[in-house]
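At position 65 of the sequence shown (counting the first as 1) the number is 327 in our numbering, and the numbers step up by one without a gap. The structure appears below as structure tokens.
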Amino acid sequence: MNVSENTGYKYCGKIMAAKLSDRDFQRLSHFIHEECGIKMAVPKKVMLEARLKKRLRVLGLETFDEYCDLLFSPLGMQQERLNMINVVTTNKTDFFREPRHFEYLLQQAIPELIRLCGAGMRRRLAVWSAGCSTGEEPYTLAMVLSEFAARTPGFNFSILATDISTAVLEKAVRGVYKEERLETVPQMYRKNYFMKSKDRGRALVRVMPEVRSLVRFRRLNFLDHDFGMREHQDIIFCRNVIIYFDRPTQEKVLGRLCGHLIPGGYLFMGHSETLSSLDLPLVSVGPMVYRRPL
């Protein structure tokens, strides 16, 4: 895989002028849907073209035909597949996003799970941030659960955080963010759970080591048959993820998630999502909060 040494304006201009043909768009959109479940409708063609031009530039390719030939070759399947997925996946998240979910978690879900099965007391409470992006959600969970543990002697928990994109997982593991990302974080949490960069000109913060140590990150594809895991979870956050799937894929993925949720466990979904018409073993217990019946 040779990267062109020509980095001048003429070469960059060729890449910028490259157009994604309907044929190549269909090949790529089919691959994306089969590989990670994301439905790439025709209106997203311009977005896909713009994002993949970054890969053309890195690989020294001038056309999308060349890119498709590479991607669908045996070598490309080994070396370019993950890069392509990293480019096309959307990763929008915030600390304390949809804050009422964290209120419900602390005030309703956890006390009920302690009463039901001793989760967090007789055994460790298992929480899964599914589709964790760059880590803001699992670190928010780590912070609010740490506060709960400080008020509840003997309470303990574990947090699993997964995403299909290796690029965002690398950022999540580092736990470094622009200081402006803390606008949604209450002052008490900013003070107790983040470190400021010594170089004040960079305006960066990092999640405290003791908080980072509470989260276990790993790559996971929602289309994998059993997610490659055997653990059962008490609580699953899967918010603003399934909106990128078509309805059959949504039902399939959420059905598998339910298979990893204990009876009586909770599933938190994003407010832009709906489970109506999906055949799932869940009952609604709050705004986009569902529970697996006992």
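Yeah, the Cβ is synthetic: ideal placement off N, Cα and C, and Gly gets one too.
1. With respect to the beta strand (DSSP E) encompassing LEU422, which residues constitute its N-terminal and C-terminal limits?
2. Which of the three DSSP states, helix, strand or coil, is assigned to LEU282?
3. Return the chain-ordered list of same chain residues with a C-beta closer than 8 Å to the C-beta of VAL406, the five sequence neighbours on each side being excluded.
4. So, at 7 Å on beta carbons, what are the nonlocal neighbours of PRO400 in its own chain, with the 5 sequence-adjacent residues on each side left out?
5. Compute the Euclidean distance between the alpha carbons of ALA381 and LEU516, then round it to the nearest angstrom.
6. Scan the region 388-451 and note each continuous beta strand (DSSP E) run of 3 residues or more that stays entirely inside, going in chain order.
7. Could you check where the alpha helix (DSSP H) with PHE530 kicks off and where it finishes?
8. Go through its chain and collect everything with a Cβ distance to LEU375's Cβ below 8 Å, but skip five positions before and after it.
9. Rounded to whole angstroms, what is the Cα-Cα separation between ILE300 and GLN341?
10. For the alpha helix (DSSP H) holding GLN340, just list the boundary residues, first then last.
11. Extract the residue ranges of the alpha helix (DSSP H) inside the region 295-362, only unbroken runs of 4 or more that lie entirely within it.
12. Taking ALA535 as the reference, give the member of MET339, ARG518, ALA411, PHE499 with the closest Cα.
13. Under the rule that 16 or more other beta-carbon atoms within 10 Å means buried, what is GLN449, buried or exposed?
14. So, with DSSP's three-state summary, where would you put VAL503?
15. Could you tell me the distance, in whole angstroms, from the CA atom of SER538 to the CA atom of PRO415?
16. How about ARG468 and PHE456: do their beta carbons lie closer than 9 Å?
17. Find out if the Cβ-Cβ distance for the pair ARG501, PHE530 is shorter than 9 Å.
18. In the DSSP output, what is GLN370 paired with across the bridge?
19. Classify LYS272 as buried or exposed, calling it buried when 16 or more other Cβ atoms lie within 10 Å of its own Cβ.
20. First and last residue of the alpha helix (DSSP H) that includes ARG474?
21. Taking the straight line between their C-alpha atoms, what separation do you get for HIS522 and VAL389?
22. Can you tell me the Cα-Cα spacing of LEU444 and SER335, whole angstroms?
23. How long is the line joining the alpha carbons of THR396 and ASP284, rounded to whole angstroms?
24. Flag this pair as yes or no: are the beta carbons of ARG359 and LEU431 separated by less than 9 Å?
25. Smallest Cα separation from GLU398: which of LEU544, LYS315, HIS494, GLU441?
26. What first and last residue would you give for the beta strand (DSSP E) that runs through SER546?
27. For PHE479, which three-state DSSP category applies?
28. Going by DSSP in three states, LEU290 sits in which element: helix, strand or coil?
Let me lay it out:
1. Translated into positions along the sequence shown, residue 422 becomes position 160. Unbroken beta strand (DSSP E) run through LEU422: 419-425.
2. Numbered from its first residue, the sequence shown carries residue 282 at position 20. In the structure shown, LEU282 sits in coil (DSSP, three-state: anything other than H, G, I, E or B).
3. Walking along the sequence shown from the start, residue 406 turns up at place 144. Around VAL406: PHE364, LEU367, LEU368.
4. Here residue 400 corresponds to residue number 138 of the sequence shown, with the count starting at 1. Closer than 7 Å at the Cβ level, and outside the excluded window around PRO400, lie SER391, CYS394, ILE421, ALA423, VAL477.
5. Numbered from its first residue, the sequence shown carries residue 381 at position 119. Numbered from its first residue, the sequence shown carries residue 516 at position 254. Looking at the two C-alpha atoms, the distance is approximately 23 Å.
6. 419-425, 438-440
7. Position 268 of the sequence shown, counting from 1, holds the residue named residue 530. Per DSSP, PHE530 lies in no alpha helix (DSSP H); the unbroken beta strand (DSSP E) holding it starts and ends at 523-531.
8. In the sequence shown, residue 375 corresponds to position 113, counting from 1. Closer than 8 Å at Cβ, skipping near neighbours: ALA381, GLY382, LEU387, ASP496, ILE497, GLY526, GLY527, TYR528.
9. Within the sequence shown, residue 300 is the residue found at index 38, counting from 1. Within the sequence shown, residue 341 is the residue found at index 79, counting from 1. C-alpha separation (whole angstroms): 21 Å.
10. In the sequence shown, counting from the first residue as 1, residue 340 sits at position 78. 336-341 is the extent of the alpha helix (DSSP H) around GLN340.
11. 307-321, 326-333, 336-341, 343-350
12. In the sequence shown, residue 535 corresponds to position 273, counting from 1. The question names Ala, but residue 535 is Glu in the sequence shown. Considering only alpha carbons, the answer is PHE499.
13. Locating residue 449 in the sequence shown gives position 187, where the first residue counts as 1. That one is exposed.
14. Counting from one through the sequence shown, the residue named residue 503 turns up at place 241. When DSSP states are grouped into helix, strand and coil, VAL503 belongs to the coil group.
15. Counting from one through the sequence shown, the residue named residue 538 turns up at place 276. Counting from one through the sequence shown, the residue named residue 415 turns up at place 153. Rounded to whole angstroms, SER538 to PRO415 spans 40 Å at the Cα level.
16. On the sequence shown, residue 468 is found 206 positions in, with the first residue counted as 1. On the sequence shown, residue 456 is found 194 positions in, with the first residue counted as 1. Taking 9 Å as the Cβ cut-off, ARG468 and PHE456 qualify as a contacting pair.
17. Residue 501 sits at position 239 when you count from the first residue of the sequence shown. Residue 530 sits at position 268 when you count from the first residue of the sequence shown. Yes, Cβ-Cβ distance for ARG501 and PHE530 is below 9 Å.
18. The count along the sequence shown starts at 1 and reaches residue 370 at position 108. None; GLN370 has no bridge partner.
19. Residue mapping note: residue 272 aligns to position 10 of the sequence shown, counting from 1. Because LYS272 sits at a pLDDT of 43, beneath the cut-off of 50, its placement in the model cannot be relied upon, and the following sentence gives the value as read from the coordinates. Exposed, because fewer than 16 other Cβ atoms sit within 10 Å of the Cβ of LYS272.
20. Indexing the sequence shown from 1 puts residue 474 at position 212. Taken as a continuous stretch (DSSP letters only), the alpha helix (DSSP H) holding ARG474 covers 471-474.
21. Residue numbering aside, residue 522 sits at position 260 when the sequence shown is read from its first letter. Residue numbering aside, residue 389 sits at position 127 when the sequence shown is read from its first letter. The alpha-carbon atoms of HIS522 and VAL389 are separated by roughly 11 Å.
22. Translated into the one-based positions of the sequence shown, residue 444 becomes position 182. Translated into the one-based positions of the sequence shown, residue 335 becomes position 73. So the alpha carbons of these two residues sit roughly 43 Å apart.
23. Reading the sequence shown from its first residue, position 134 is the one you call residue 396. Reading the sequence shown from its first residue, position 22 is the one you call residue 284. So the alpha carbons of these two residues sit roughly 32 Å apart.
24. By one-based count along the sequence shown, residue 359 stands at place 97. By one-based count along the sequence shown, residue 431 stands at place 169. No, the pair does not count as a contact, with Cβ atoms beyond the cut-off.
25. Counting from one through the sequence shown, the residue named residue 398 turns up at place 136. The option with the nearest alpha carbon to GLU398 is GLU441.
26. Along the sequence shown, read from residue 1 onward, the residue named residue 546 stands at position 284. That run of the beta strand (DSSP E) goes 545-548.
27. As a working mapping, residue 479 is identified with position 217 in the sequence shown. The answer is strand: DSSP assigns PHE479 an E or B state.
28. Translated into the one-based positions of the sequence shown, residue 290 becomes position 28. Helix, per DSSP.
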